[in-house]
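Residue numbers (the working numbering): 332 to 1007. Don't be surprised by glycine CBs; every beta carbon is placed ideally from N, CA and C. So the structure is just underneath, and the comments pick up after that.
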Amino acid sequence: MIAIGAGAAGSIGAQSLPIQDATLPVGTPIRAPTAARLGISASADGWFPRAFDANADVSFAVGGTTQLSFAALPFMEALARAGVYSMTLGSNDTVLYVGGSAGLSFVARLFERVSVGVSGFAGLGKVPNYSEQSFGLYELGARLETSIRLSAALTLGVSAGYEKLANPYTGTFLDAVSASLRLKLAPAEMRHDRTNLAIKKIDTQAIFPVFRSWYDAEPLGTVTIRNDEDGAIENVRVSFFAPEYMGGPRLCQVVERIEQGATVTIPLYAVFDERILQLTENGATSASIDIEYSFLGSGRATREGLKLSVHHRNAMSWEDDRRAAAFVSPTDPAALWFSRYSSSIVRDRMRSELPPNLQYALGIFEALKLYGLNYVIDPNSSYIEMSENAAVVDYLQYPSQTLMYRGGDCDDLSILFCSLLESAGIATAFITIPGHIYMAFDLGLSEVEARDTFFDTGLLVFRDGRTWAPVEVTMVKDGFVKAWRVGAKEWIDNDRVGSAAFYPMKENWARYKPSGLQDAAARFSLPDEAKTMSAFDAGVDRFMSREIEPIVAAYEQKLDKGRTPEVLNEYGMALAKVGILDPAWERFAEAAKAGYAWAWNNLASIAFVRKDYRLAYSYYEWTTTLLPGDPVAVLGMARCAYELDRYSESAILFSGLKDTAPSLASRFGYLESAYG
332 MIAIGAGAAG
342 SIGAQSLPIQ
352 DATLPVGTPI
362 RAPTAARLGI
372 SASADGWFPR
382 AFDANADVSF
392 AVGGTTQLSF
402 AALPFMEALA
412 RAGVYSMTLG
422 SNDTVLYVGG
432 SAGLSFVARL
442 FERVSVGVSG
452 FAGLGKVPNY
462 SEQSFGLYEL
472 GARLETSIRL
482 SAALTLGVSA
492 GYEKLANPYT
502 GTFLDAVSAS
512 LRLKLAPAEM
522 RHDRTNLAIK
532 KIDTQAIFPV
542 FRSWYDAEPL
552 GTVTIRNDED
562 GAIENVRVSF
572 FAPEYMGGPR
582 LCQVVERIEQ
592 GATVTIPLYA
602 VFDERILQLT
612 ENGATSASID
622 IEYSFLGSGR
632 ATREGLKLSV
642 HHRNAMSWED
652 DRRAAAFVSP
662 TDPAALWFSR
672 YSSSIVRDRM
682 RSELPPNLQY
692 ALGIFEALKL
702 YGLNYVIDPN
712 SSYIEMSENA
722 AVVDYLQYPS
732 QTLMYRGGDC
742 DDLSILFCSL
752 LESAGIATAF
762 ITIPGHIYMA
772 FDLGLSEVEA
782 RDTFFDTGLL
792 VFRDGRTWAP
802 VEVTMVKDGF
812 VKAWRVGAKE
822 WIDNDRVGSA
832 AFYPMKENWA
842 RYKPSGLQDA
852 AARFSLPDEA
862 KTMSAFDAGV
872 DRFMSREIEP
882 IVAAYEQKLD
892 KGRTPEVLNE
902 YGMALAKVGI
912 LDPAWERFAE
922 AAKAGYAWAW
932 NNLASIAFVR
942 KDYRLAYSYY
952 EWTTTLLPGD
962 PVAVLGMARC
972 AYELDRYSES
982 AILFSGLKDT
992 APSLASRFGY
1002 LESAYG
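In structure tokens form, the structure reads like this:
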């Protein structure tokens, strides 16, 4: 395994990773703001000279003006105007005035769409046909305007002001109050791709493929944007898309409103598909950030490209021990194959006296031992060192890889065994202690049930009313029983000083969803079936022997004082209860030989379990001669007769039992049928 340091490609996690600017050096604007813009206006104007002088030569004038404006600053515009006016004289004659002027306008926004402004201008013009003559005039004017922005491109304004036409030689020609209705068009605002949104900075992390689902809820980075439009923008939709590893853009956030000049930082999310799990080396991929928004009813969009660093699929950092849960995959094809094979053997040989979860876990563990799985310490990727340095990238194996390599370190073996048990429907958990990680599995028992079932409760971990068995998976060569006992001791020693942590897989997956290699082929041979059966049986026997060691020692002490049939029978019952049948048979046989009648029932029961129904029947029958009418013996005879297809005899025996021991008979109603 190879540890990868945090280099130029980025490290991991918002806390330890040097955040990378994905596009430009710090301080370089990605999109320059566009405050300067051109406007074209058309207005209908009216001049009213007699508002100042009732005897003015000009009664009124109407006309139109075309105006170009250039906003050099957000609050100031340079103006260029040209207009044509029809002036009505006191004699009811009309003359034309044609003029042009230049000036400045100062604007202040009152509300989002409403502005007020003041402008002044000066220019030249002429009256081309007054008394069959043409003469020039200079023009001075001022306006006070209120405008409302209809859309991003259109503004409607009304104004009132002063207009003066004069000649340096003949004097004033017109002093008038002016009024106008103006429609302004900003051509640049008519383009959909025209934006004044500045992307100030993009920060991203290097991506871990195994956490491909995690990035749907946890940000992979941020984008900082500034609104450089000349008003608030609304419904700002920010999306992220990396087409090589995503099926479509991921909508990251919708911001209802961003005021003019405001800066907002938005988290970036992604939903990566399984293609990202094909990456076996560190690399980079092209991505884009798409931003759509509405400005004064006009829809706008912009896109910014970037390069996104991506780790290889086996990479992970230990910022959180629960992260390893992403490698635990119950649907890994190789893990499923191995788990189902081992479980099928256990299912056919399961013993009723032990919890099923325990037997499945034991059988799978012993199959791994038989398969040749090895604990391998990689000096370049040791959990001891990696877990103490969250900034370093570790190499973890998927379950199928550990099976194919037939080895791994403590995290790899824990991931594999958890995957195998989860495939069999058994809940698992990670246990971490200083410098080490291993696992536990749910025995399927409540705490009360477990305390009644197990003699040695020191082997168990009780959490929230459930019972767990801690297993030191690195001891696969030593077998399940020793691995369990060592795992329990590690838990006890570290839990006592508060240095042990327990992470149920179901809770881990709520944050770090599993990402198995679904296309992983199982390129290995399964253990021999007969050897796997023997390994399971031997493993169960070893566990039983260790479990009842204190009981055996106590009975052996009693027998040293005297081999009474009563003690021999009790001893045999303790052994039979946990499935150790051969030694139990010896104790019962010795008690029966000493004349203890009830021992014959127990010998018959062992014969029945071994499916030797004729022998069992004969022993039950012999018991009835020693203990006439004994209900256990009668029931045993009925059950043996039934298994030997002697249904009528079984029904007759059962009928008598219903009269003498109805509560016992009620548990075996199937014996009442004479037809099987």
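Leu455 is the residue among Asp787, Gly421, Ala537 and Leu455 whose C-alpha sits nearest the C-alpha of Pro499. Contact annotation: the segment 819 to 826 does not touch the segment 571 to 582, with fewer than three C-beta pairs closer than 8 Å.
By the neighbour-count criterion, in which a residue is buried when 16 or more other Cβ atoms sit within 10 angstroms of its Cβ, Glu520 is buried. For the options Pro765, Arg873, Glu587 and Phe874, the alpha carbon positioned closest to that of Gly829 is the one of Pro765. In chain order, Gly395 and Leu512 place their CB closer than 6 Å to the CB of Ala375, counting only its own chain and leaving out the 5 sequence neighbours on each side. A straight-line Cα-Cα distance of about 45 Å links Tyr702 and Leu966.
The way I'd put it, the segment 528 to 546 doesn't touch the segment 423 to 431; fewer than three beta-carbon pairs between them come closer than 8 Å.
Fewer than three pairs of CB atoms, one per stretch, sit closer than 8 Å, so the segment 601 to 614 makes no contact with the segment 442 to 461. The beta carbon of Arg568 sits closer than 6 Å to those of Val585 and Glu623, all from its chain and outside the five residues before and after it, given in chain order.
When DSSP reads this structure, Asp725 sits in a beta bridge with Met647.
Straight through space, the alpha carbons of Phe571 and Ala593 are spaced by roughly 22 Å. In the DSSP assignment, Thr486 falls within the unbroken beta strand (DSSP E) covering Leu485 to Asn498. Met806 sits in a helix when the DSSP states are folded into three classes. Between Ile695 and the set Val707, Val909 and Trp668, the nearest pair of CA atoms involves Trp668.
Leu441 is not bridged by DSSP to any residue.
The beta carbon of Arg680 is closer than 7 Å to those of Met864, Phe867 and Asp868 in its chain, skipping five residues each way along the sequence. Secondary structure note for Arg918: its alpha helix (DSSP H) is the uninterrupted segment Leu912 to Lys924. Judged by beta-carbon spacing, Ala972 lies within the 8 Å limit of Glu980, meaning their Cβ atoms are closer than that value.
Taking Val963 as the centre and dropping the five residues before and after it, the same chain places the C-beta of Asn932 closer than 6 Å to its C-beta, in chain order. When C-alpha distances from Thr954 are compared across Gln732, Glu476 and Met968, the shortest belongs to Met968. Residue burial annotation: Ala382 is exposed, with fewer than 16 other C-beta atoms found within 10 angstroms of its C-beta. With respect to Phe437, Phe406 sits close: the two C-beta atoms are nearer than 8 Å. With fewer than 16 other CB atoms across the displayed protein chains lying within 10 angstroms of its CB, Arg671 is exposed. In this structure, the straight-line span from the alpha carbon of Glu887 to that of Trp916 is close to 16 Å. For the segment 951 to 976, the full-length alpha helix (DSSP H) segments reaching 4 residues or more read 962 to 974 along the chain. Tyr948 carries a helical assignment under DSSP once its states are collapsed to helix, strand and coil. Under the three-state reduction of DSSP, Tyr843 is assigned to coil, being neither helix nor strand.
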